[in-house]
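Quick note on numbering: the sequence shown equals residues 4 to 176 in the working numbering.
Just so it is clear, CB atoms sit at the ideal spot from N, CA and C, and this is done for glycine as well.
Computed from a predicted structure; not experimentally measured.
Remarks on the structure that follows.
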Amino acid sequence: MIRTTALCLFLAAMPGMALAAGGFTFASIDGGDLAMEDWRGQPVLVVNTASLCGFTSQYDELQALHETYVDRGLVVLAVPSNDFSQELSSAEEVKDFCEVNFGLTLPMTDITPVRGAEAHPFYRWLAEEHGFTPRWNFNKVLIGPEGEVLGTWGSTVKPGSRQIVDQIEAALK
């Protein structure tokens with residue numbers, strides 16, 4: 004009991020540490036928080052995005068994945084980031100841009116750092132525990148139902164690619 008309590012206190016004191024991805028919370032672009040724990044038991048495709056990037060058209064495929072699989076439990080989470088200097092200047096501008104140009108209805112975080120010392124704890128965990136750091140916008144990470152990393156893909160792998168869709172479908176079984 005004492006060891007379990009000590010471990011829980013240690014993990015609570017270390018926001019970058021987690022046993023699995025379920026322990027992370029993001030600020031929502033709509034206000035409030037998006038807690039990955041709320042999606043435990045569901046696969047989550049996390050994508051760092053940017054509004055002014057050459058890969059921004061991938062929002063269409065992210066929305067299509069959301070619409071295709073949301074009823075089966077998939078969560079597609081867009082994480083706007085300005086780490087590569089290609090994001091609009093405010094969350095409100097990002098939200099408006101995505102709604103007007105792509106009709107996005109999937110959950111989105113506030114503008115969030117994904118690299119370096121200022122990176123969100125989720126992305127620090129990915130780097131430290133799984134050796135994955137986004138090298139550009141629209142990098143994808145599929146988190147399994149129990150918080151495990153099922154796959155990572157770079158910008159050039161489209162969200163609707165067979166390799167991503169096959170992993171999503173396997174996680175939904």
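DSSP, reduced to helix, strand and coil, places A38 within a strand of the structure shown. Contact check for V50 against K161 fails: the beta carbons are separated by 8 Å or more. DSSP places P124 inside the alpha helix (DSSP H), whose first and last residues are 124-133.
Counting only the Cα atoms, H69 lies some 13 Å from Q45. It is roughly 9 Å from the alpha-carbon of Q61 to the alpha-carbon of T52. The three-state reading of DSSP puts V117 in coil, since its state is none of H, G, I, E or B. DSSP places T52 in the strand class (E or B) of the three-state scheme.
Burial is judged here by how many other beta carbons sit within 10 angstroms of a residue's own beta carbon; T115 has at least 16 and is buried.
Residues of the same chain with a CB within less than 6 Å of the CB of L129, apart from the 5 flanking positions on each side, are F135 in chain order.
Per DSSP, T28 is one residue of the beta strand (DSSP E) stretching across 28-30. Counting of Cβ neighbours within 10 angstroms places V78 among the buried residues, the total reaching 16 or more. Counting along the chain, K98 sits inside the alpha helix (DSSP H) bounded by residues 94-105.
The DSSP-derived three-state label of A173 is helix. The beta carbon of E64 is closer than 8 Å to those of K161, P162, G163 in its chain, skipping five residues each way along the sequence.
Residue environment: G150 is assigned as buried (16 or more neighbouring CB atoms within 10 Å of its CB, all protein chains considered).
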